[in-house]
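Participant: Residue numbers (the numbering used here): 64 to 177. Virtual Cβ for every residue (Gly too), placed ideally from N, Cα, C. Shown below is the structure under consideration.
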Amino acid sequence: MKEFALLFRQPNFADVDKLSAEEFKAIGKKWQDWAGNIAAQGKMAGSGLRLSLNGKVLKAGGVVTDGPFVEIKEMLGSFVVVKADNLDEATTLAHGCPALDSNGSVEIREIVRP
Numbered sequence: 064m065k066e067f068a069l070l071f072r073q074p075n076f077a078d079v080d081k082l083s084a085e086e087f088k089a090i091g092k093k094w095q096d097w098a099g100n101i102a103a104q105g106k107m108a109g110s111g112l113r114l115s116l117n118g119k120v121l122k123a124g125g126v127v128t129d130g131p132f133v134e135i136k137e138m139l140g141s142f143v144v145v146k147a148d149n150l151d152e153a154t155t156l157a158h159g160c161p162a163l164d165s166n167g168s169v170e171i172r173e174i175v176r177p
């Protein structure tokens, strides 16, 4: 079985601070239910952590910019690692991800180990 990273990209991620406590709790439950379903199938290899809104981007030539979302409309918010036989199965696991509810996306990438 292979491992795949599911990378969650969401527009307006900074708007999370504008949610009421009830809205935030409801969104959290959606994430827990979705991830719990994957775990119940024995497919969760590692849960991701929420990434900070602050960061830097290092570019060729040693150029450092504030970021990490300076030049993109969607920012990487978090990730999980799942186990699947192939890319199609990993993509199926990504269906229902709450990031999709807010016009976000899930990037599915196989993890390549040396």
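Under DSSP, the beta strand (DSSP E) around G118 begins and ends at which residues?
Facilitator: 118-122
Participant: What first and last residue would you give for the alpha helix (DSSP H) that runs through L156?
Facilitator: 150-157
Participant: With 16 as the cutoff for other CB atoms within 10 Å, does P161 come out buried or exposed?
Facilitator: buried
Participant: So F71 and A147 are supposed to be a Cβ contact under 8 angstroms. How far apart are they, rounded?
Facilitator: Actually they are not in contact, since the Cβ atoms of F71 and A147 sit about 17 angstroms apart, beyond 8 angstroms.
Participant: Using the three-state DSSP reduction, which class does K165 fall into: helix, strand or coil?
Facilitator: Lys is not the amino acid found at residue 165; the sequence shown has Ser there. It is helical.
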